[in-house]
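In my numbering, the protein residues as written are 1 to 679.
All C-beta atoms in this analysis are idealised placements derived from N, C-alpha and C, irrespective of residue type, glycine included.
Taking it in order: structure first as structure tokens, then the write-up.
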């Protein structure tokens, strides 16, 4: 009302005097001015418009399909055709009743039922259902139709997970045992020493052949090395065959154990399995030397003894003397050089023979003597002060990798003391671990790799790492894997490629499976062995049939590896080439890809698992011929659309059309006055 009064008063004041135009026109102009002023006064009060918009979300049914090889291999063809046709009919019927229907296979994006191909190499039903739960969290998910044979060979069983939506299980596959021979597993040591004898033990499973015999062969590159005739005892389903092999020359080897197919056997796909073994020249000789007895020495000793590749010798002044004439491949120098001068003979041997070394710094270390060793790290402590730190991974470090579980264990380590002061990394040195003080992640190094091309060196800046191994053993059932792997990989890196190459190309894992993305790390160096980037590398991969694959790659500072994708199982030899500063460089090596025939190992469907999933969610188990009943049950559940209401407040002054309305009214008034002779 006040706005209207203000508009009326303004119009009356302006148009009450005698005007040169007619009375009617005067009233009209007064009305225009009344509307404009009243509207402007109203807008000054910041009025707003409240709007409510409604959106409707249809109920969604997800068709979760186990498109693994076992479904295609062991489900009778007519049954599988009936199942895929039933999925299409179910989709059509539900869409006609107002449902949204999406088809999700194992490990893949949404697809259509008529485009399903049962070729997935592994079955992770828990991962499939969990991805559905995460994707449709907070949405109108009515239920999931799970088509599967119930065979799980990857991830955990879905019966141990909780799902908040109904699961309508549709069972395919065959629960009748097949007459079959298979090799579920091979047991062997992954590392053997050249010239030694090592066993390969084959676990043989049989169904329908009890009381007979099986012929089992050990092969390498198609050549039969040994043959055994193994009895298959009645009343059992498993037996074993053991082959004893003499380790040949150093290198990676792939052995194949094969059961000869017998008459009436259902399939021969699961009759072979591969053993991947690395033959090494001999154990690496490790010298663990300390300035004085210390808990660290016991922790380091225990970690090293977990690896059969290491032969450990301990040195302590006055307790365990250095053996005359003994040579070593790598040394761990705990608080050496020491301020007391202990261990001088050890340091002299390490320097003269250029033995790769890991220095562990602590309260007894002589930092001036250490800084003169050329490890790539300079430490300038400030008195005897220390910081209490925990390790945190340097994400840019690529010479070896830490598993996600290791990173979680690092975060739970108790703080260990490090010298408080200034740290300087030299050319070619790189930190694998940084220091974390409380919750603050710093860029101060904790584990550093450096040294010269002729002598690789590393430095651990704490003598309290024994606490880490002890804490990890307590929390993880006496299995301090993260600490042990950190120590062992440090020693392996120090002893590998002792003569530094300007082009260093190596696989990021000891072995890959045929489902993995095979990746290679690439390091390039200039003439003075400083890391350089942006270099083009050509990698040629040759398999056992002499078939070659060629890849090109440009290395970047972020350490992104070269991705080759999934490769068939086998032993591959690779050659990497690059031109660095006009000089041709080359590197060679081997990579193992392990064949995993997970889907052929078990032919008997597990419908009990599907029944449990359905029953726990309040549903039931169906078979391919019951798709019509399944459709009716879903419709009877009477799933409703969800209506979402959203309120929106908008200031009236932000409406653009109001500006043009006011402008039009003012323009009309001004034009009329001008035309009628006013000013």
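CA-to-CA distance, residue j to residue i, given in whole angstroms
{"i": "residue 105", "j": "residue 128", "result": "8 Å"}
{"i": "residue 387", "j": "residue 520", "result": "37 Å"}
{"i": "residue 533", "j": "residue 444", "result": "24 Å"}
{"i": "residue 718", "j": "residue 461", "result": "Look at the range of the chain in this structure, 1 to 679, and you will see that residue 718 is not part of it."}
{"i": "residue 677", "j": "residue 671", "result": "10 Å"}
{"i": "residue 170", "j": "residue 622", "result": "5 Å"}
{"i": "residue 547", "j": "residue 540", "result": "10 Å"}
{"i": "residue 449", "j": "residue 569", "result": "34 Å"}
{"i": "residue 147", "j": "residue 473", "result": "43 Å"}
{"i": "residue 545", "j": "residue 136", "result": "47 Å"}
{"i": "residue 78", "j": "residue 396", "result": "54 Å"}
{"i": "residue 13", "j": "residue 643", "result": "54 Å"}
{"i": "residue 567", "j": "residue 593", "result": "7 Å"}
{"i": "residue 457", "j": "residue 565", "result": "34 Å"}
{"i": "residue 603", "j": "residue 214", "result": "19 Å"}
{"i": "residue 66", "j": "residue 640", "result": "28 Å"}
{"i": "residue 4", "j": "residue 645", "result": "35 Å"}
{"i": "residue 414", "j": "residue 370", "result": "27 Å"}
{"i": "residue 588", "j": "residue 250", "result": "15 Å"}
{"i": "residue 28", "j": "residue 40", "result": "19 Å"}
{"i": "residue 475", "j": "residue 295", "result": "19 Å"}
{"i": "residue 492", "j": "residue 331", "result": "12 Å"}
{"i": "residue 605", "j": "residue 73", "result": "11 Å"}
{"i": "residue 263", "j": "residue 512", "result": "35 Å"}
{"i": "residue 580", "j": "residue 385", "result": "45 Å"}
{"i": "residue 267", "j": "residue 228", "result": "21 Å"}
{"i": "residue 434", "j": "residue 389", "result": "9 Å"}
{"i": "residue 50", "j": "residue 133", "result": "35 Å"}
{"i": "residue 633", "j": "residue 620", "result": "10 Å"}
{"i": "residue 652", "j": "residue 23", "result": "35 Å"}
Local Cβ density within 10 Å of residue i, reported as buried at 16 or more and exposed below that
{"i": "residue 499", "result": "Because the pLDDT at residue 499 is just 45, under 50, the model does not fix this residue reliably, and the value given afterwards should be weighed accordingly. By the 10 Å Cβ count, residue 499 comes out exposed."}
{"i": "residue 54", "result": "exposed"}
{"i": "residue 647", "result": "exposed"}
{"i": "residue 391", "result": "buried"}
{"i": "residue 117", "result": "exposed"}
{"i": "residue 487", "result": "buried"}
{"i": "residue 557", "result": "exposed"}
{"i": "residue 468", "result": "buried"}
{"i": "residue 71", "result": "buried"}
{"i": "residue 663", "result": "exposed"}
{"i": "residue 666", "result": "exposed"}
{"i": "residue 11", "result": "buried"}
{"i": "residue 168", "result": "buried"}
{"i": "residue 502", "result": "buried"}
{"i": "residue 318", "result": "exposed"}
{"i": "residue 16", "result": "exposed"}
Beta bridge counterpart(s) of residue i as assigned by DSSP
{"i": "residue 79", "result": "Residue 79 pairs with nothing; no bridge assigned."}
{"i": "residue 276", "result": "254"}
{"i": "residue 290", "result": "334"}
{"i": "residue 563", "result": "519"}
{"i": "residue 239", "result": "204"}
{"i": "residue 512", "result": "593"}
{"i": "residue 421", "result": "381"}
{"i": "residue 167", "result": "144"}
{"i": "residue 431", "result": "448"}
Cβ pair residue i, residue j closer than 8 Å
{"i": "residue 505", "j": "residue 522", "result": "yes"}
{"i": "residue 210", "j": "residue 232", "result": "yes"}
{"i": "residue 62", "j": "residue 91", "result": "no"}
{"i": "residue 314", "j": "residue 336", "result": "no"}
{"i": "residue 175", "j": "residue 609", "result": "no"}
{"i": "residue 299", "j": "residue 465", "result": "yes"}
{"i": "residue 68", "j": "residue 122", "result": "yes"}
{"i": "residue 378", "j": "residue 424", "result": "yes"}
{"i": "residue 143", "j": "residue 627", "result": "no"}
{"i": "residue 277", "j": "residue 253", "result": "yes"}
{"i": "residue 334", "j": "residue 297", "result": "yes"}
{"i": "residue 83", "j": "residue 172", "result": "yes"}
{"i": "residue 293", "j": "residue 312", "result": "no"}
{"i": "residue 192", "j": "residue 247", "result": "yes"}
{"i": "residue 218", "j": "residue 200", "result": "yes"}
Checklist entry - At what residue ranges does the stretch 314–390 contain a whole run of the beta strand (DSSP E), taking only runs of 3 or more? => result Runs of the beta strand (DSSP E) inside the stretch 314–390: 330–334, 357–360.
Item to check | Inside the stretch 456–504 only - beta strand (DSSP E) runs reaching at least 3 residues | outcome: Assignment of beta strand (DSSP E) within the stretch 456–504, counting only whole runs of 3 or more residues, yields no such run.
Checklist entry - Along the chain, which unbroken stretches of the beta strand (DSSP E) at least 3 residues long are found entirely within the stretch 12–80? => result Fully enclosed beta strand (DSSP E) runs of 3 or longer: 48–57, 60–65.
Checklist entry - Which residue spans inside the stretch 617–662 form an unbroken alpha helix (DSSP H) run of at least 4? => result Every alpha helix (DSSP H) stretch that sits fully inside the stretch 617–662 and reaches 4 residues is listed by chain position as 627–636.
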